[in-house]
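K.L.:
First the structure, which I've put down as structure tokens, then a few questions once you've had a look.
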Amino acid sequence: MTDYKTILYRIDGPVCHITMNRPEKRNAINREMAEELTRAFTEIRKENSVGVVILAGEGKSFCTGGDLEIFPSLGSHDNCLNWLAHEGMDLQRAMANCNKVIVGKLHGHCLAGGLELALCCDLLYACESTKFGTTEIDMGILPGWGGTVRLPRSMPVFRAREIIYSGRKDYTARDMYDMGLLTRVFSDNVFETEFQRIIDNLSRKKPIALRMAKEIMDKATDGTSLEAALAVERNGITWLVYAPDIQALLNPPKL
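Our numbering puts the first residue of the sequence shown at 5, with every later residue one more than the last.
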């Protein structure tokens, strides 16, 4: 098992927990955390018994984006290019290529780069008090880890434009749910219970079936033609039906 300094990584049966662990910084992402998250999402691909990954934040917030202490070091072209074009993109690519169902557990603040991490998840659950936004525009930059691309693909484009152009950081979980970004929103006092109920349900599914369903739905939404996506679905269900452990479910022993 890889040792990490800025994240917590734990496998519990079919569920992997990846938790950003810089609570004193509200889980702001520094270069070490970006690299460790990339390694974690790459490492978990090899665990065939795992079907679900929970991405969460320790402490009072999910993630407030990039650590502002890094920005003075980005003055040189090479440093800026490495942070934005390589390290940040490597992380979002590792999440996008992860063959597990990634479930974002959102609370506190989900801002800037934190929101961009959330956009790489398959399912997003938030407690009602969570605040959202992209603040980069007020620094004279823009969301550079996929936010300007993924956000308008996740909600009506005019809503995405307002979020990015305004720089607001006080959008509520209900706002984001109404815009179509979140899977569900729960009151703070029941969030932990309801979230665990959802994870318990997912953990009972066959990891291979979850992986196949994710792959097919990704194909259905990445610009692949309808016929090509249907072919992937057809091949997937054919393969699953003949998998030994699935056969046991389809043909249960008679009592």
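By construction, the Cβ of each residue, glycine as well, lies at the ideal position given by its N, Cα and C atoms.
In terms of residues, what are the limits of the beta strand (DSSP E) holding residue 128?
P.N.:
Translated into the one-based positions of the sequence shown, residue 128 becomes position 124. Unbroken beta strand (DSSP E) run through residue 128: 127 to 131.
K.L.:
Which word fits residue 231, buried or exposed, when buried means at least 16 other C-beta atoms lie within 10 angstroms of its C-beta?
P.N.:
Here residue 231 is taken as the residue at index 227 of the sequence shown, counted from 1. Residue 231 should be labelled exposed.
K.L.:
As a quick exercise: from 175, 143, 193, pick the residue whose alpha carbon is nearest that of residue 186.
P.N.:
The residue labelled residue 186 in the question sits at position 182 within the sequence shown. Comparing Cα-Cα distances from residue 186 to each of 175, 143, 193, the minimum goes to 175.
K.L.:
Please classify residue 235 as buried or exposed, where buried requires at least 16 other C-beta atoms within 10 Å of its C-beta.
P.N.:
The residue labelled residue 235 in the question sits at position 231 within the sequence shown. Answer is exposed; the Cβ neighbour count stays below 16.
K.L.:
Distance, Cα to Cα, residue 102 vs residue 47?
P.N.:
Taking the first residue of the sequence shown as 1, we reach residue 102 at position 98. Taking the first residue of the sequence shown as 1, we reach residue 47 at position 43. Approximately 9 Å, taken between the alpha carbons.
K.L.:
Output needed for residue 40: all residues of its chain with C-beta closer than 6 Å, excluding positions within five of it in sequence on either side, in chain order.
P.N.:
The residue given as residue 40 occupies position 36 in the sequence shown. Same-chain partners within the cutoff: 8, 10, 11.
K.L.:
Please say whether residue 21 and residue 65 have beta carbons closer to each other than 8 Å?
P.N.:
Mapped onto the sequence shown, residue 65 falls at position 61. Mapped onto the sequence shown, residue 21 falls at position 17. Not in contact: residue 65 and residue 21 (Cβ atoms no closer than 8 Å).
K.L.:
Using the beta-carbon count (16 or more within 10 Å), is residue 23 buried or exposed?
P.N.:
Translated into the one-based positions of the sequence shown, residue 23 becomes position 19. Label assigned to residue 23: buried.
K.L.:
Comparing C-alpha positions only, which one of 214, 157, 210 sits nearest to residue 227?
P.N.:
The sequence position of residue 227 within the sequence shown is 223, counting from 1. Of 214, 157, 210, the residue nearest in Cα terms is 157.
K.L.:
Go through its chain and collect everything with a Cβ distance to residue 241's Cβ below 7 Å, but skip five positions before and after it.
P.N.:
As a working mapping, residue 241 is identified with position 237 in the sequence shown. So the list is empty, once near-sequence residues are dropped.
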